[in-house]
Structures are given as structure tokens and as C-alpha cells.
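Position 69 (the sequence shown) corresponds to 69 in UniProt numbering; numbering is contiguous.
Please read the structure below before turning to the comments.
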Amino acid sequence: MTSEATLFVSNLSRVANSQYLERLFSTYGDVKQVEMFGQDNSRFAEVTFSAIDDADAAIAALHYRYYSTRDLPLIVLYSNKSQCVSEYGRRVGVEFVEAVEKNRFPEEIPLENFDVRFGRNEVQPPPSEREIIPDPQGGVAY
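As C-alpha cells, this is what we get:
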């Protein structure tokens, strides 16, 4: 059985392309694939991780906490196409749906349990924009 997990990501800025998202999400684990969909204000992506624990770490760090645009936080939830969904991911998804239905911000649900195979005991903070956006000379902008 695979532990591959796919996340749905929305509220993307205009500069957010697949390379940007791969750099952002690779902070949390092995990103296998990034697919971009839609145009302009209706853009979204699916980010596939090799392991479900990495997907959980990305949700804990980025969902409604990281701003790719000035006014809107990223929405980072398990995709309905994901082969695996953790209990943590289900709880975050249910809370998000309830928040939308009640027209309120979702409550933060901390990630408390980590898979011991990954040697992780805390969620890394997101990288800065300077670490993500490449500079025109081919390196990372500083």
C-alpha cells in the first residue's frame, strides 16, 4: 500500500507557478509532482508528496497560515484525488468546511502526532519569499 498523498492548494498569487510551489512544499518532504490548473483568480494546484506524513506537515504549516497573495491565505487540504488521507487531514478538512458554512475563519488544528519513520518532532516554518522566488540569473533571489 502506498502512502502517497495529494494536496489541493488554492488562493495562489499570480507569480505562483509549479516551480514556486515545489520549492515551497519541498520544505516538508519529497514532492513527487505539482500540477497547476485554471487561470487568473481561479487558479489552483495539486501537490503530490511521497508520504502522507509530509503532506500533514505541509497542511499544518501552510493551511490558512501562509500568504501567497497579500490578502488571502493559502488553502491547503487533501485533494479528493489523494490515494491516502490522514485522520489529521480529515479533521482539518471538516473544520474548513464548517467554517465556510458558518462564514468564519477556520480554527487552527495543531499536528500533534508524527510518523516516527521521518524523525520529525515539529513542523518547519515556511521558507521566505526570497528562498522561493528564483532570481533572473538562475539562482535563488536574495
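No residue lacks a Cβ here, since even glycine has one placed at the ideal position from N, Cα and C.
Computed from a predicted structure; not experimentally measured.
(message) Which of the three DSSP states is assigned to GLN83 in this structure?
(response) Your numbering for residue 83 matches position 83 in the sequence shown. Note: GLN83 maps to coil in three-state DSSP.
(request) Rounded to whole angstroms, what's the CA-CA distance from VAL94 to ILE132? Just pull it up for me. (result) If you number the sequence shown from 1, residue 94 lands on position 94. If you number the sequence shown from 1, residue 132 lands on position 132. Distance between the alpha carbons of VAL94 and ILE132: 30 Å.
(request) Compare the Cα-Cα distances from VAL85 to each of VAL123, ALA57, GLU129, LYS102 and report the closest residue. (result) As a first step, residue 85 must be located in the sequence shown, where it is residue number 85. Residue ALA57 is the option with its Cα nearest to VAL85.
(message) To the nearest angstrom, how far is the alpha carbon of GLU98 from that of LEU77?
(response) Position 98 of the sequence shown, counted from the start, is the residue given in the question as residue 98. Position 77 of the sequence shown, counted from the start, is the residue given in the question as residue 77. Rounded to whole angstroms, the gap between the alpha carbons of GLU98 and LEU77 is 14 Å.
(request) Check the DSSP bridge columns for SER10 and list the partner residues they point to. (result) Here residue 10 is taken as the residue at index 10 of the sequence shown, counted from 1. Note: SER10 is bridge-paired with PHE44, ILE75 in the DSSP secondary-structure output.
(request) State the Cα-Cα distance for the pair ARG14 and ARG90, rounded to the nearest angstrom. (result) Walking along the sequence shown from the start, residue 14 turns up at place 14. Walking along the sequence shown from the start, residue 90 turns up at place 90. ARG14 and ARG90: Cα-Cα distance of roughly 29 Å.
(request) Pull up the distance between the alpha-carbon of GLU35 and that of LYS102, whole angstroms please. (result) As a position in the sequence shown, residue 35 is number 35, starting the count at 1. As a position in the sequence shown, residue 102 is number 102, starting the count at 1. Rounded to whole angstroms, GLU35 to LYS102 spans 31 Å at the Cα level.
(request) Determine, using beta carbons only, whether SER79 and THR6 come nearer to each other than 7 Å. (result) Indexing the sequence shown from 1 puts residue 79 at position 79. Indexing the sequence shown from 1 puts residue 6 at position 6. Yes, Cβ-Cβ distance for SER79 and THR6 is below 7 Å.
(message) With a threshold of 8 Å on Cβ separation, who are the neighbours of PHE49 within its own chain once the five nearest residues in sequence on each side are excluded?
(response) Numbered from its first residue, the sequence shown carries residue 49 at position 49. Closer than 8 Å at the Cβ level, and outside the excluded window around PHE49, lie GLU4, ALA5, THR6, LEU7, PHE25, TYR28, GLY29, ASP30, VAL31, LYS32, ALA55, ALA58.
(message) Classify VAL140: buried if its beta carbon has 16 or more other beta carbons within 10 angstroms, exposed otherwise.
(response) Along the sequence shown, read from residue 1 onward, the residue named residue 140 stands at position 140. Because VAL140 sits at a pLDDT of 48, beneath the cut-off of 50, its placement in the model cannot be relied upon, and the following sentence gives the value as read from the coordinates. With fewer than 16 Cβ atoms within 10 Å of its Cβ, VAL140 is classed as exposed.
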